[in-house]
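> The UniProt record's numbering puts the sequence shown at residues 1 to 278.
Backbone N, C-alpha and C fix where the C-beta goes; we use that ideal spot for every residue, glycine too.
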Amino acid sequence: MSTKKPVTLAVANQKGGVAKTTSVASIGAALAELGHRVLLVDLDPQACLTFSLGIDPEDVEVSVHHVLTQGVDPLEVVIETEDGVDLLPATIELARAEADLLTRTGREHVVKGAIEQLAEDLADSEEGPHDWVLLDCPPSLGVLTVAALTAADGVLVPLQCETLSHRGVGQLLDTVHDVRRFTNRGLEVWGVLPTLYDGRTNHARTVLETISETYGLEVVEPPIPKTIKFAEAPAAGRSILATSRSNKGAQAYREVAANLVERAARPKARTPKKTAKK
1 MSTKKPVTLA VANQKGGVAK TTSVASIGAA LAELGHRVLL VDLDPQACLT FSLGIDPEDV
61 EVSVHHVLTQ GVDPLEVVIE TEDGVDLLPA TIELARAEAD LLTRTGREHV VKGAIEQLAE
121 DLADSEEGPH DWVLLDCPPS LGVLTVAALT AADGVLVPLQ CETLSHRGVG QLLDTVHDVR
181 RFTNRGLEVW GVLPTLYDGR TNHARTVLET ISETYGLEVV EPPIPKTIKF AEAPAAGRSI
241 LATSRSNKGA QAYREVAANL VERAARPKAR TPKKTAKK
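Written out as structure tokens, the structure is:
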């Protein structure tokens, strides 16, 4: 029996403060609203995603750390959240995972293995496997981010529309290139998601156009506007789609989710072979 393979999307940017975790929680909730079965994986030792979905990391006894480093079955760790998405939670213990995995053979494949194991475990369940897996990567290009990219079909890069915030994009794309060469030939960059966007400023629009041209990346529309409601949502332990349903930020994430569903249905682009330098 073949197990249905979920669409796995890594949300990555080694720069902090670009609304990465907010994007994972909000897109996940929006996909769930559209009727998809969604798993969110918190790969950041700061456990912000776990906290923002109403789970205190201090109360979590088995976490994604145990799945990745000790081979605990992910089905034992998954938590159902009020936002209608499932979560593989993180705790501060995950900070040790980088060191624990560093000398391990096949460390790049630990996240992929966990997702495949979970899909297998759920194959005979009433609900079946997940349709989508969103990976909240840590703000670094270390072992956990590489493992997430190795597991992913695509990578989405949330980006604050300010000049300094896109300085790390080139490094991230270098890492993506290496992952394509060595561990995941099918990885595609789905594009840049503009966050904390203030459309009233020419600067924000210019930065957006520059990034698109400089790196040849698609821009995932619509841009996510700046709103105080994003800061309020994690305190309530829910995504903005639950706390401020009609807010313009919540609406933007709904549109992004619908666009990502369309993007997932696109046939994969063939990766051009690199020609040898003469």
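1) Whole angstroms is fine: what's the gap from Asn202's alpha carbon to His166's?
2) Taking the alpha carbon of Val189 as the reference point, which residue from Asn259, Val157, Leu40 has its own alpha carbon closest?
3) Do Ser239 and Ala10 have their beta-carbon atoms positioned less than 8 Å apart in this structure?
4) Within 10 Å of its beta-carbon, does Leu75 have 16 or more other beta-carbons around it, so buried, or fewer, so exposed?
5) Cutting at 6 Å between CB atoms, please list the residues of its own chain near Arg180, excluding the five before and the five after it.
6) Between the alpha carbons of Gly216 and His66, how many angstroms are there, rounded?
7) Taking all protein chains shown into account, decide if Ala151 is buried (16 or more other Cβ within 10 angstroms of its Cβ) or exposed.
8) Would you report the Cα separation of Val220 and Gln70, rounded to the nearest angstrom?
9) Decide if the stretch 43-58 is in contact with the stretch 227-237; the criterion is three or more beta carbon pairs, one per stretch, under 8 Å apart.
10) Who are the near neighbours of Met1 in its chain, counting only those whose CB is closer than 8 Å to its CB and skipping five residues on each side?
11) Assess, as a yes-or-no matter, whether the stretch 250-257 is touched by the stretch 16-35 under the definition of 3 or more beta carbon pairs within less than 8 Å.
12) In the DSSP assignment, the alpha helix (DSSP H) including Glu98 goes from what residue to what residue?
13) Thinking Val7 and Asp153 are a contact (beta carbons under 8 Å), I'd like their distance in whole angstroms, please.
14) Where do the ends of the beta strand (DSSP E) carrying Asp136 lie?
15) If I measure Cβ to Cβ from Gly170 and keep anything under 8 Å in the same chain, skipping five residues before and after, which residues do I get?
16) Tell me whether the beta-carbon of Asp42 lies closer than 8 Å to the beta-carbon of Ala119.
17) So, with DSSP's three-state summary, where would you put Asp42?
18) List the endpoints of the continuous alpha helix (DSSP H) containing Ala10.
19) Go ahead and pull the three-state DSSP assignment for Pro234.
20) So, for Ala269: in the same chain, excluding its five sequence neighbours on each side, which residues have a beta-carbon less than 8 Å away from its beta-carbon?
21) Rounded to the nearest angstrom, how far is the Cβ of Leu68 from that of Ala114, given a contact under 8 Å?
22) Mind checking Ala265: buried by the 16 CB within 10 Å criterion, or exposed?
So, from the data block:
1) Here residue 202 corresponds to residue number 202 of the sequence shown, with the count starting at 1. Here residue 166 corresponds to residue number 166 of the sequence shown, with the count starting at 1. Put simply, the backbone Cα of Asn202 is about 17 Å away from that of His166.
2) As a working mapping, residue 189 is identified with position 189 in the sequence shown. Of the listed residues, the one whose Cα sits closest to Val189 is Val157.
3) Position 10 of the sequence shown, counting from 1, holds the residue named residue 10. Position 239 of the sequence shown, counting from 1, holds the residue named residue 239. Not a contact, by the Cβ cut-off of 8 Å.
4) Residue 75 sits at position 75 when you count from the first residue of the sequence shown. So Leu75 counts as exposed.
5) Within the sequence shown, residue 180 is the residue found at index 180, counting from 1. Correct list, in chain order: Leu187.
6) For this step, residue 216 is matched to residue 216 along the sequence shown. For this step, residue 66 is matched to residue 66 along the sequence shown. Spanning the alpha carbons of Gly216 and His66 requires a straight line of approximately 38 Å.
7) Numbered from 1 along the sequence shown, position 151 holds the residue referred to as residue 151. Buried.
8) Start at 1 with the first residue of the sequence shown, and residue 220 comes out as number 220. Start at 1 with the first residue of the sequence shown, and residue 70 comes out as number 70. Using only the alpha carbons, I get a separation of about 37 Å.
9) yes
10) Position 1 of the sequence shown, counting from 1, holds the residue named residue 1. In this predicted model, Met1 has a pLDDT of only 43, less than 50, meaning its place in the structure is not dependable; the value taken from the coordinates is given anyway. Cβ neighbours of Met1 beyond the five flanking positions: Ala123.
11) yes
12) Your numbering for residue 98 matches position 98 in the sequence shown. 97-102 is the span of the alpha helix (DSSP H), which, as asked, contains Glu98.
13) Reading the sequence shown from its first residue, position 7 is the one you call residue 7. Reading the sequence shown from its first residue, position 153 is the one you call residue 153. Yes, they are in contact, since the Cβ atoms of Val7 and Asp153 sit about 6 Å apart, within 8 Å.
14) The count along the sequence shown starts at 1 and reaches residue 136 at position 136. For Asp136, the uninterrupted beta strand (DSSP E) segment begins and ends at 132-136.
15) The sequence position of residue 170 within the sequence shown is 170, counting from 1. Closer than 8 Å at Cβ, skipping near neighbours: Tyr215.
16) The residue given as residue 42 occupies position 42 in the sequence shown. The residue given as residue 119 occupies position 119 in the sequence shown. No. Outside cutoff.
17) The residue labelled residue 42 in the question sits at position 42 within the sequence shown. Strand, per DSSP.
18) Here residue 10 corresponds to residue number 10 of the sequence shown, with the count starting at 1. Taken as a continuous stretch (DSSP letters only), Ala10 belongs to no alpha helix (DSSP H), being part of the beta strand (DSSP E) at 7-11.
19) Along the sequence shown, one-based indexing puts residue 234 at 234. In the structure shown, Pro234 sits in a helix (DSSP, three-state: H, G or I).
20) For the purposes of this step, residue 269 is taken as residue 269 along the sequence shown, with counting starting at 1. Once the five neighbours on either side are set aside, the close Cβ partners of Ala269 are Glu188.
21) Here residue 68 corresponds to residue number 68 of the sequence shown, with the count starting at 1. Here residue 114 corresponds to residue number 114 of the sequence shown, with the count starting at 1. Yes, Leu68 and Ala114 are in contact; Cβ-Cβ is about 7 Å, under 8 Å.
22) Numbered from its first residue, the sequence shown carries residue 265 at position 265. Exposed, because fewer than 16 other Cβ atoms sit within 10 Å of the Cβ of Ala265.
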